[in-house]
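In full-length UniProt numbering, the protein residues as written are 1 to 116.
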């Protein structure tokens, strides 16, 4: 059981790192700065809140932190969809990130549902 939590935490960390790398390559215009900064915050927030959830003492606290992480993932998804719509940033990376965000949303939503 511990191994699964570790693997999921690693996926969150990998996502945040991959998004940071993706955002470094965005243009330095207003669009790149706006969406890049927002995406960095939401993906980083998802990873950090998931990390905090791992250290909680009760299921209620865990659900609270995991729910915050889920909201941050959903914000990241919308951001990536907007970037997709305007074909902004590296297409391959963007599509891969969107896929990983979708998977993490499904996993996290299932965890929250099962812990309630």
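Using N, Cα and C, we set each Cβ at its ideal position, and we do this for glycine too.
Predicted, not measured: the structure shown is a model, and the values here were computed from it.
Which of helix, strand or coil DSSP assigns to residue i
| i | result |
| --- | --- |
| residue 113 | helix |
| residue 55 | coil |
Inter-residue CB distance, residue i and residue j (contact presumed, cutoff 8 Å)
| i | j | result |
| --- | --- | --- |
| residue 80 | residue 108 | 16 Å between Cβ atoms; not a contact. |
| residue 43 | residue 76 | 5 Å |
Nearest to residue i (by Cα), restricted to the options the options
| i | options | result |
| --- | --- | --- |
| residue 113 | 75, 60, 44 and 48 | 60 |
| residue 49 | 64, 77, 110 and 22 | 64 |
| residue 94 | 68, 39, 44 and 45 | 39 |
| residue 111 | 62, 101 and 87 | 62 |
CA-to-CA distance, residue j to residue i, given in whole angstroms
| i | j | result |
| --- | --- | --- |
| residue 37 | residue 116 | 33 Å |
| residue 101 | residue 16 | 10 Å |
If we count Cβ pairs, one from each stretch, closer than 8 Å, do we get three or more for the region 43 to 56 versus the region 28 to 35?
No, the region 43 to 56 is not in contact with the region 28 to 35.
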